[in-house]
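Protein chains: 2
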Amino acid sequence: MKSAKVSQIPLFTTHEDPRDAVVASHRLLIRAGYIRKQSSGFYTQLPFAIIVQQKIEEIIRDEMNQAGAVEVKLPVLTDAELWKTSGRWDIMGKEMMRFNDRHGNPFALGPTHEEAMTSLTSGFLKSYKQLPVNFYQIGTKYRDEIRPRYGLIRCREFTMKDAYSFHMDEECLESTYQKMRIAYRNIFSRCGLQTLTVQADSGNMGGSASEEYMVPSEIGEETLLVSGYEENDYKSNQEKTGFVPATPYEKIPSVSEPRKIPTPNLKTVEDVAAFLKTNIKNFIKTVIYENNEVVIIAFVPGDREINEVKLKNISAQGEFEMAGLETIKIITGAAPGFAGPYALLVKDGQKIKLEKTEKTICIYYDRNLLQRGELVSGGNETDIHYVHLQEGRDFSIPEDQKNLDLVLAHEGDLVPDNSGKMLKSTRGIEVGHIFKLGYKYATAFKLTVLDKNGKTHMPAMGTYGIGVGRTMATVVEQNHDDKGIIWPESISPFKIYLIGIFKGDEQKTKIDELFLKLVELSYTVYYDDRNENPGVKFNDADLTGFPWQIIAGKNYLASGEMEIKNRKTGEKTVTTMDKLSEIVRV
Amino acid sequence: MKSAKVSQIPLFTTHEDPRDAVVASHRLLIRAGYIRKQSSGFYTQLPFAIIVQQKIEEIIRDEMNQAGAVEVKLPVLTDAELWKTSGRWDIMGKEMMRFNDRHGNPFALGPTHEEAMTSLTSGFLKSYKQLPVNFYQIGTKYRDEIRPRYGLIRCREFTMKDAYSFHMDEECLESTYQKMRIAYRNIFSRCGLQTLTVQADSGNMGGSASEEYMVPSEIGEETLLVSGYEENDYKSNQEKTGFVPATPYEKIPSVSEPRKIPTPNLKTVEDVAAFLKTNIKNFIKTVIYENNEVVIIAFVPGDREINEVKLKNISAQGEFEMAGLETIKIITGAAPGFAGPYALLVKDGQKIKLEKTEKTICIYYDRNLLQRGELVSGGNETDIHYVHLQEGRDFSIPEDQKNLDLVLAHEGDLVPDNSGKMLKSTRGIEVGHIFKLGYKYATAFKLTVLDKNGKTHMPAMGTYGIGVGRTMATVVEQNHDDKGIIWPESISPFKIYLIGIFKGDEQKTKIDELFLKLVELSYTVYYDDRNENPGVKFNDADLTGFPWQIIAGKNYLASGEMEIKNRKTGEKTVTTMDKLSEIVRV
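Line order of the protein sequences matches chains A and B. Residues 1 to 586 in our numbering are what the first sequence spells out, letter by letter. Residues 1 to 586 in our numbering are what the second sequence spells out, letter by letter.
Next up, the structure:
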């Protein structure tokens with residue numbers, strides 16, 4: 001259906017702002033009748049949203065096909081065996097929705113499909129002749145967000161395009177990766193969306209290179225650190241950004257042996273620093289995490305936060321959370337807040353016994369503690385700190401950790417590219433993500449092909465995702481005003497909103513004819529043929545946001561003159577049917 | 001992507017028959033590389049299936065839009081609250097997949113969307129001016145089949161088109177119902193599928209009229225009873241078919257009071273009948289079911305089976321299963337197999353106490369026991385039967401049950417339309433189903449609109465479903481031979497399978513040019529440009545089943561002569577490019 005009347009596709013516009021909508025796209029997509037909330041994180045798509053999404057999907061298909069990718073569709077519901085094979089059944093955490101079928105077999109609603117795709121291709125790919133190949137699908141994904149919000153931007157059921165490529169070597173992977181970069185740039189630009197490409201962490205996806213396509217936005221849940229916004233500027237997700245302090249930490253040797261200082265009633269690190277007359281830069285901050293298998297203890301400079309993503313990647317122990325009181329007591333012998341590397345009760349690799357289980361200790365040091373003295377830390381005794389600590393004497397960073405980066409970088413730190421520039425911070429919404437996955441899944445699923453010489457060879461993989469609903473929402477974030485949405489022509493449900501102003505059937509018939517004429521000329525038109533007053537129609541036209549409005553009223557009925565309004569500029573032009581195409585291209 | 005080479009869209013053909021495939025569509029869709037099994041009841045759609053499904057969906061969209069329906073998309077995952085509002089949370093049984101989200105809130109993977117749709121419209125429909133309206137969606141549905149089988153015919157994740165209409169009155173509902181009948185007929189016929197329309201039970205959907213679109217097939221899981229196969233012949237799902245015995249049960253009065261007869265060591269009803277020298281027609285068969293709330297006891301003539309669907313509709317107590325030993329003991333005082341209406345220990349409406357719970361007794365009699373005497377039944381005592389039983393004296397069918405039909409009709413019974421014809425039996429696969437729902441969901445969700453006089457009015461509803469994947473599979477069931485699939489042109493992935501037979505790059509280039517020429521002429525072509533021997537290509541062309549094959553080899557390279565093969569008829573014609581369109585229409 002290319003064109004329609006209100007009596008064919010109803011308007012779902014509403015005048016009330018939804019209570020939980022704090023961002024423009026959420027508010028406008030609901031008010032303009034594109035989506036309705038069913039329950040927290042679940043939205044119904046109404047007719048206009050269906051058309052917008054179909055148009056976005058067609059753009060994605062077109063670019064993916066042009067880039068040589070092939071469309072398939074994997075089941076949404078995935079057998080737990082797949083996730084167990086890759087080891088992600090335990091890693092994916094609560095965001096993956098799981099349940100048992102009637103026979104008690106565990107399943108998950110796929111938040112992503114590396115496992116299912118690698119399993120599929122391991123039964124199909126036999127020879128180097130079949131490579132490279134890049135399979136994509138457009139389908140429903142699930143993520144049990146702890147706090148769904150912002151409408152389509154962070155919901156629990158959403159549409160994604162995900163693609164998975166297979167290659168004989170890294171060079172070939174690189175070539176497809178570059179093709180995907182071009183395809184992604186084209187897709188977002190054809191949707192009228194301005195994005196930043198930033199370096200990203202590959203998270204629990206495994207793999208090496210990874211880039212995110214970010215829509216800069218104050219409401220973005222991702223913090224981006226950039227040297228600038230030009231093509232060649234450094235741009236990175238905060239999670240991924242290497243930490244280079246603007247002023248390096250001084251390496252002052254300790255003047256004496258460690259000394260124990262009672263620090264009762266001092267609540268914060270700042271209090272202790274003031275009491276000890278030192279700077280929190282000289283403190284060692286200790287962070288303790290655990291999961292069912294391990295306890296992870298990490299030490300970073302006292303003035304900085306730990307970057308949990310870096311720690312997660314380095315430790316490779318899956319998800320973890322802050323350690324509980326029982327664990328802290330066993331490790332430090334003290335109340336929380338007094339842990340430190342000196343006089344710690346446990347060593348790296350040691351197994352500790354908890355009430356119900358046994359866990360292994362894993363200790364990590366940030367490189368910014370290396371060779372430093374005059375350090376202060378908790379004394380592993382309640383209300384006790386140590387001063388005069390010296391790395392290499394009182395505690396030692398192991399050889400393989402001397403370049404470990406565990407710190408969350410911030411605006412004001414140096415850009416980690418030796419340019420000497422400072423990082424600036426901005427926020428962004430992720431709409432796309434491309435990864436070089438490497439061999440993680442091929443290894444897990446024993447995916448091999450025969451090479452030219454008849455030897456088995458493991459293909460390298462890449463994966464490429466786009467949030468389809470999120471693309472729709474971010475286009476609205478970037479394209480709206482206080483009256484409503486302003487769609488780019490490429491994905492607008494219709495090109496023209498035809499506002500008929502008439503009294504009685506005879507007048508209406510003339511405007512019905514105008515509608516048919518426009519359709520005949522191949523315009524896509526939404527014809528507001530309601531018996532409503534013009535103000536209501538003007539408001540709904542602005543709110544729903546199609547790029548052009550044609551107002552056909554008294555003048556049209558008298559002399560064929562229509563008013564054309566450009567929704568974006570607000571510019572109005574009076575014209576007649578024969579000159580319409582000079583203003584509005586078909 | 002309209003046309004493609006094997007190097008662009010790979011062939012997934014395979015020579016092994018899948019072990020679990022017993023039906024043609026399952027076997028061929030896998031062998032021809034349209035689908036692959038992921039796990040029991042879950043299939044990946046490969047590129048050709050994606051195209052077929054998109055074509056079926058486009059036909060559905062086109063017919064639904066023409067019939068005035070409007071496309072939306074409801075979330076697949078549905079909040080349990082919706083199901084509790086309608087009461088179906090308890091009724092849907094194990095086929096509905098359920099789980100709790102991270103906050104412990106229960107959800108279900110929607111097998112159908114009456115609740116979600118009525119909930120949506122109850123927030124949107126305000127006035128009679130908005131009616132009638134018919135919303136449809138094409139999306140993923142889930143059903144946790146106890147035994148998934150036949151590939152796409154009975155799987156656990158599948159695509160459905162479901163539509164829900166809302167009306168001011170039954171007359172308007174009838175008008176949309178008739179429009180849907182036409183749309184459905186067009187959809188199936190445009191897909192090249194021959195269907196039978198049969199009267200159906202509306203199951204746990206509620207509502208009055210209901211018709212199923214059946215593909216006649218030996219592997220069909222539905223039994224159909226028909227008077228013939230013409231337009232106006234009686235056609236009904238066995239579940240729904242009214243029972244009219246070819247020879248009415250005789251109403252012979254009992255010659256004496258009930259008499260107790262010991263019947264030890266007689267294993268079957270036939271044994272007892274032989275021992276008592278009577279016919280099993282004169283037996284009363286007793287069937288006992290229970291669920292958490294009720295025990296349902298039903299009596300039918302001894303020579304017939306109970307129709308559980310009829311009993312379920314009459315009792316309106318949701319799902320139930322065969323009663324357990326404990327329950328039978330309490331009701332009859334005997335071992336299983338000796339229940340009967342005379343000397344039964346319980347009465348209709350009575351509450352009985354079981355070990356863990358209390359249940360209410362509900363008793364139902366089939367109308368074919370009315371006024372009959374000389375009946376035999378179990379004596380509610382182990383190894384005991386009663387003879388000389390008389391309805392109205394020894395047990396009585398209540399006034400409101402005197403026309404109750406509880407019997408499963410069979411081939412050979414009379415057509416329940418007073419025509420005097422006999423029912424014939426056939427099997428069918430359900431591909432579509434239309435219902436008049438009435439007011440069940442509108443009532444549950446308090447859906448009302450204002451009528452012309454400003455009074456609140458409850459809309460009547462209809463619902464209309466099509467199994468999209470099942471349509472694809474049944475087309476293959478009806479269109480294949482021992483070499484593979486034979487697609488109808490309307491939904492074939494491509495019109496032409498181009499078999500290039502060449503040696504060396506120079507010859508290949510000429511056939512590459514032929515491919516481009518065909519594409520230029522707007523044919524959709526799949527070009528087998530592999531370096532394989534011709535036999536492999538011929539087999540794959542037959543297996544994948546596109547309607548036309550063009551074989552371009554030696555003769556084409558020498559003189560431009562191509563061989564055209566019609567996949568369906570096997571007819572071969574030699575022609576040249578300039579005359580191609582006389583044989584294969586663009």
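Note that beta-carbon positions come from the ideal geometry of N, C-alpha and C, so glycine has one too. Everything numeric in this text was worked out from a predicted model, so none of it was measured.
Nearest by alpha-carbon distance to phenylalanine 42 of chain B: which of A:Glu321, A:Gly110, A:Leu518, A:Ile56 is it? Along the second sequence, one-based indexing puts residue 42 of chain B at 42. Cα-wise, what sits closest to phenylalanine 42 of chain B is A:Gly110.
Are the segment 87-97 of chain A and the segment 132-144 of chain A touching by the rule of at least three beta carbon pairs closer than 8 Å? yes
Could you tell me which residues DSSP pairs with asparagine 403 of chain B in its beta bridges? Here residue 403 of chain B is taken as the residue at index 403 of the second sequence, counted from 1. The partner list for asparagine 403 of chain B (beta bridge, DSSP) is empty, contrary to what the question assumes.
Which bits of chain A does aspartate 79 of chain B rub up against, with CB to CB less than 8 Å? Here residue 79 of chain B refers to the residue found at position 79 of the second sequence. Result: Gln38, Ser39, Phe42.
Tell me whether glycine 373 of chain A is buried or exposed, calling it buried when 16 or more other Cβ atoms sit within 10 Å of its Cβ. Position 373 of the first sequence, counted from the first residue, corresponds to residue 373 of chain A. Buried is the call here.
Do you know how far the Cα of leucine 120 of chain A is from the Cα of isoleucine 466 of chain A? Your numbering for residue 466 of chain A matches position 466 in the first sequence. Your numbering for residue 120 of chain A matches position 120 in the first sequence. The alpha-carbon atoms of isoleucine 466 of chain A and leucine 120 of chain A are separated by roughly 21 Å.
If the criterion is Cβ atoms closer than 9 Å, does the pair threonine 463 of chain B and alanine 163 of chain B meet it? Start at 1 with the first residue of the second sequence, and residue 463 of chain B comes out as number 463. Start at 1 with the first residue of the second sequence, and residue 163 of chain B comes out as number 163. Going by C-beta atoms, threonine 463 of chain B is nearer than 9 Å to alanine 163 of chain B.
Assuming alanine 343 of chain A contacts asparagine 380 of chain A (C-beta within less than 8 Å), just tell me the rounded distance between them. Numbered from its first residue, the first sequence carries residue 343 of chain A at position 343. Numbered from its first residue, the first sequence carries residue 380 of chain A at position 380. That belief holds up - the Cβ atoms of alanine 343 of chain A and asparagine 380 of chain A are roughly 5 Å apart, short of 8 Å.
Check the Cβ of isoleucine 9 of chain B against every Cβ in chain A and list those closer than 7 Å, keeping chain order. Taking the first residue of the second sequence as position 1, residue 9 of chain B is located at position 9. Chain A residues near isoleucine 9 of chain B: Val70.
7 Å Cβ cut-off: residues of chain B touching threonine 140 of chain A: Against the first sequence, residue 140 of chain A aligns to sequence position 140. The answer, in chain order, is Val76, Thr140.
Around the Cβ of valine 586 of chain B, are there at least 16 other Cβ atoms within 10 angstroms (buried) or fewer (exposed)? On the second sequence, residue 586 of chain B is found 586 positions in, with the first residue counted as 1. Counting Cβ neighbours within 10 Å, valine 586 of chain B comes out exposed, since fewer than 16 surround it.
Under the DSSP definition of a beta bridge, which residues are partnered with lysine 353 of chain B? Indexing the second sequence from 1 puts residue 353 of chain B at position 353. Lysine 353 of chain B is bridged to B:Glu358.
Would asparagine 380 of chain B pass as an interface residue toward chain A - the criterion being a Cβ-Cβ separation below 9 Å? The sequence position of residue 380 of chain B within the second sequence is 380, counting from 1. No, its Cβ sits nowhere closer than 9 Å to a Cβ of chain A.
Chain D contact for methionine 92 of chain A (CB, 9 Å cutoff): Structure shown: chain D not included; protein chains present are A and B.
Contact list for glutamate 157 of chain A against chain B, beta-carbon separation under 9 Å: In the first sequence, residue 157 of chain A corresponds to position 157, counting from 1. Simply Pro75, Val76, Leu77.
Rounded separation between valine 244 of chain B and valine 300 of chain B - CA only: As a position in the second sequence, residue 244 of chain B is number 244, starting the count at 1. As a position in the second sequence, residue 300 of chain B is number 300, starting the count at 1. C-alpha separation (whole angstroms): 13 Å.
Spatial neighbours of threonine 524 of chain A in its chain, beta-carbon cut-off 6 Å, leaving aside the 5 residues before and after: Taking the first residue of the first sequence as position 1, residue 524 of chain A is located at position 524. Hits under 6 Å: Lys2, Ser3, Phe494, Lys495.
Tell me the DSSP secondary structure of leucine 152 of chain B in three-state form. As a working mapping, residue 152 of chain B is identified with position 152 in the second sequence. Here leucine 152 of chain B sits in helix by DSSP.
For valine 431 of chain B versus threonine 278 of chain B, is the C-beta distance shorter than 9 Å? In the second sequence, the residue the question calls residue 431 of chain B occupies position 431. In the second sequence, the residue the question calls residue 278 of chain B occupies position 278. In this structure, threonine 278 of chain B does not lie closer than 9 Å to valine 431 of chain B by Cβ.
Hey, quick one: how far does the beta strand (DSSP E) through arginine 259 of chain A stretch, first residue to last? Counting from 1 along the first sequence, the entry for residue 259 of chain A is found at position 259. Start and end: 259-262.
Which same chain residues end up closer than 7 Å to threonine 573 of chain A when comparing Cβ atoms and leaving out the 5 residues on each side of it in sequence? Taking the first sequence and counting its residues from 1, the one referred to as residue 573 of chain A is at position 573. So the list reads Ile564, Ile583, once near-sequence residues are dropped.
In chain order, what residues of the same chain have a beta carbon less than 6 Å from the beta carbon of proline 47 of chain A, not counting five sequence neighbours either side? For this step, residue 47 of chain A is matched to residue 47 along the first sequence. Hits under 6 Å: Ile9.
Once you ignore the five residues that flank methionine 205 of chain A on each side, which residues in its own chain have a CB closer than 6 Å to its CB? For the purposes of this step, residue 205 of chain A is identified with residue 205 of the first sequence, where counting begins at 1. Reliability of the predicted coordinates at methionine 205 of chain A is poor, the pLDDT of 49 falling under 50, and the value obtained from them is presented with this limitation in mind. Result list for methionine 205 of chain A: Phe435, in chain order.
For threonine 112 of chain B and valine 133 of chain B, what's the separation of their Cα atoms in angstroms? Along the second sequence, read from residue 1 onward, the residue named residue 112 of chain B stands at position 112. Along the second sequence, read from residue 1 onward, the residue named residue 133 of chain B stands at position 133. Those two C-alpha atoms are separated by around 19 Å.
Using the Cα positions of glutamine 350 of chain A and phenylalanine 395 of chain A, report the straight-line distance between them to the nearest angstrom. Locating residue 350 of chain A in the first sequence gives position 350, counting from the first residue. Locating residue 395 of chain A in the first sequence gives position 395, counting from the first residue. If I take the Cα positions, the gap works out to 16 Å.
Close-in-space but distant-in-sequence residues of the same chain around valine 76 of chain B (CB under 7 Å, 5 per side omitted): In the second sequence, residue 76 of chain B corresponds to position 76, counting from 1. Annotation for valine 76 of chain B: Leu109, Gly110, Gly139, Thr140 place their beta carbon closer than 7 Å to its own, counting only its chain and skipping 5 residues before and after.
Start-to-end residues for the alpha helix (DSSP H) that takes in arginine 367 of chain B: Along the second sequence, read from residue 1 onward, the residue named residue 367 of chain B stands at position 367. Arginine 367 of chain B -> no alpha helix (DSSP H), and no H or E assigned at all.
Under 9 Å, Cβ to Cβ, is there at least one residue of chain B near alanine 116 of chain A? Looking up residue 116 of chain A in the first sequence gives position 116. It does: the Cβ of alanine 116 of chain A has a partner Cβ on chain B nearer than 9 Å.
Residues in its own chain within less than 8 Å of valine 269 of chain B by CB, not counting five upstream and five downstream? On the second sequence, position 269 is the one that residue 269 of chain B refers to. Contacts found: Ile280, Phe283, Lys285, Gly302.
Does DSSP classify aspartate 600 of chain A as helix, strand or coil? What the structure shows of chain A is the stretch from 1 to 586, and residue 600 of chain A is not part of that stretch, so it cannot be assessed.
How many angstroms separate the CA atom of glutamate 58 of chain A from the CA atom of proline 216 of chain A? Against the first sequence, residue 58 of chain A aligns to sequence position 58. Against the first sequence, residue 216 of chain A aligns to sequence position 216. Glutamate 58 of chain A and proline 216 of chain A: Cα-Cα distance of roughly 24 Å.
Measuring alpha carbon to alpha carbon, tell me which of A:Ser122, A:Lys508, A:Glu513, A:Asp529 ends up nearest methionine 577 of chain A. Locating residue 577 of chain A in the first sequence gives position 577, where the first residue counts as 1. Ranking the options by Cα distance to methionine 577 of chain A, first place goes to A:Glu513.
How would you write the range of the beta strand (DSSP E) that threonine 426 of chain B sits in, first residue to last? The sequence position of residue 426 of chain B within the second sequence is 426, counting from 1. It spans 424-438 - the beta strand (DSSP E) in which threonine 426 of chain B sits, taken as one unbroken run.
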